[in-house]
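Q:
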Amino acid sequence: MALTKVIGSGIGTVTNQFADGNMAAGSVLQVVQGGRTTRVTHNSNTFADIGVSAAITPSSTSSKILVRLEGTIGNSAAGNQTSIKLFRGSTEIGVGTGGDTYNIFFSRLGTNSYDMSALSQSVLDSPATTSAITYKIQMAAFNATGSLGGRGDSASIANPTRLTLMEIAG
Amino acid sequence: MTDIAQSILAINVNAKFTVFAEDASAVVWLESTTPISEADILAKQKELQTAYDNNAYQRSRAEAYPSIADQLDDIYHNGVDEWKKTIKAVKDKYPKE
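Below, the structure written as structure tokens:
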């Protein structure tokens, strides 16, 4: 069911019915987007901030936050891993499970140094707070140079990286 | 275009770093890597790009040569002299500058 929140004093009680607290579970209460439009390269197997974050203040402790990350990712050498971790504040979230070595939000292995792969992953988070929270990603490259928003072996292409937060009524 | 990361690694193959928006003046140096000056990085980038540009004919020839399997087939059926003609046509099309 798609709902649109109406804001305006002239519509009386209808306004109150569309207050955040009255929206049906699953309704989208707000959308925030952060990210960057330039390419980042990272040469280390230690995860580090790469300038992609977004902040949101939930209207209720029962709200969920749908976190979506989209962009492109690469590595300067064939067969090497570039990985992305997602954090709510300082807490890592959205990890995979059951991997022998890596349980991470997103990882990419490529065939060629010039390959660019779609970076697309999401998680439905339950922060249980009405305080402002910041989501961010970190990147690491396991051998060679990892790239976000472009080729791993060249600066010829730059793509946006988008981190989108949607507050969903609980 | 040769990027800043390749330029840094050409100077120090063990460097650990993050580069934002190809800005050589704001590289984040990691894991106790000794910083490299912006001027040195940009000079190395120019050097690498020049070398890359000068080798354009090699890349063009590599793409234009028949596969090894086709070349062996050419030699088997037509002999070495005919094979040489095939290869020479590519070399002539993309001369060494």
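Same order as they appear, the protein sequences are chains A and B. In this text, residue positions in the first sequence follow my numbering: the first is 6, and each later residue adds one. In this text, residue positions in the second sequence follow my numbering: the first is 1150, and each later residue adds one. Just so you know, even glycine gets a beta-carbon here, dropped at the ideal spot from N, CA and C. In this text the structure is predicted, and so the values were computed from the model without any measurement.
Going by C-alpha to C-alpha distance, which of A:81, A:86, A:173 and A:64 sits closest to residue 112 of chain A?
A: The residue with the shortest Cα to Cα distance from residue 112 of chain A is A:86.
Q: Which residue wins for smallest C-alpha separation from residue 1186 of chain B, given the options B:1153, B:1214 and B:1208?
A: Here the closest residue by C-alpha is B:1153.
Q: Using 10 angstroms around the beta-carbon of residue 129 of chain A, count the other beta-carbons present and answer buried if the total reaches 16, otherwise exposed.
A: Exposed, because fewer than 16 other Cβ atoms sit within 10 Å of the Cβ of residue 129 of chain A.
Q: Taking a cut of 9 Å between CB atoms, which residues from the region 25–45 of chain A lie near chain B?
A: Against chain B - using a Cβ distance shorter than 9 Å - the residues of the region 25–45 of chain A are 41, 42, 43, 44 and 45.
Q: I'd like the span of the beta strand (DSSP E) that includes residue 139 of chain A, first residue to last.
A: Start and end: 138–147.
Q: Could you compute how far the alpha carbon of residue 93 of chain A sits from the alpha carbon of residue 1205 of chain B?
A: Near 47 Å, if we compare the C-alpha coordinates of residue 1205 of chain B and residue 93 of chain A.
Q: Mind listing which residues of the region 1160–1180 of chain B have their C-beta closer than 9 Å to chain A's C-betas, in chain order?
A: Residues passing the 9 Å Cβ filter: 1164, 1165, 1166, 1167, 1168, 1169, 1170, 1171, 1172, 1177, 1179 and 1180.
Q: Give the straight-line distance between the Cα atoms of residue 108 of chain A and residue 25 of chain A, rounded to the nearest whole angstrom.
A: About 35 Å.
Q: Just to confirm my understanding: we take residue 97 of chain A, look at its own chain, exclude 5 residues before and 5 after, and list those with CB closer than 6 Å. What are they?
A: Excluding sequence neighbours, residue 97 of chain A sits near 90.
Q: Indicate whether at least one CB of chain B lies closer than 8 Å to the CB of residue 56 of chain A.
A: It does: the Cβ of residue 56 of chain A has a partner Cβ on chain B nearer than 8 Å.
Q: Tell me, which residues are paired with residue 1178 of chain B by DSSP?
A: DSSP output for residue 1178 of chain B lists B:1166 as bridge partner(s).
Q: Under 8 Å, do residue 59 of chain A and residue 38 of chain A count as touching if we go by C-beta distance?
A: Against a cut-off of 8 Å, the Cβ pair of residue 38 of chain A and residue 59 of chain A comes out as a contact.
Q: For chain B, is any of its Cβ atoms less than 8 Å away from the one on residue 51 of chain A?
A: Chain B contact via Cβ: present.
Q: Which residues in chain A sit within 7 Å of residue 1152 of chain B, going by Cβ to Cβ distance?
A: Within chain A, the residues near residue 1152 of chain B are 46, 159 and 160.
Q: So residue 1170 of chain B packs on residue 43 of chain A, CB below 8 Å; how close in whole Å?
A: Right, the Cβ-Cβ distance comes to about 4 Å (below 8 Å), so this counts as a contact.
Q: Between residue 1191 of chain B and chain A, is there a C-beta pair that is closer than 8 Å?
A: Output row for residue 1191 of chain B: interface = no.
Q: Is the CB of residue 1197 of chain B under 8 Å away from at least one CB in chain A?
A: No, its Cβ sits nowhere closer than 8 Å to a Cβ of chain A.
Q: Unbroken alpha helix (DSSP H) runs of length 4 or more, entirely within the region 1180–1240 of chain B: which are they?
A: Whole alpha helix (DSSP H) segments, 4+ residues: 1187–1203, 1205–1213 and 1217–1227.
Q: Where does the unbroken alpha helix (DSSP H) through residue 60 of chain A begin, and where does it stop?
A: Where residue 60 of chain A is concerned, there is no enclosing alpha helix (DSSP H), although the beta strand (DSSP E) it sits in stretches over 53–61.
Q: Under 8 Å between C-beta atoms, does residue 1158 of chain B make it to chain A?
A: So yes, residue 1158 of chain B belongs to the interface.
Q: Got a sec, what are the start and stop residues for the beta strand (DSSP E) residue 89 of chain A sits in?
A: Note, residue 89 of chain A: beta strand (DSSP E), 86–93.
Q: Check each residue of the region 62–91 of chain A: if its Cβ is closer than 9 Å to any Cβ of chain B, include it; give the result in chain order.
A: Residues passing the 9 Å Cβ filter: 81.
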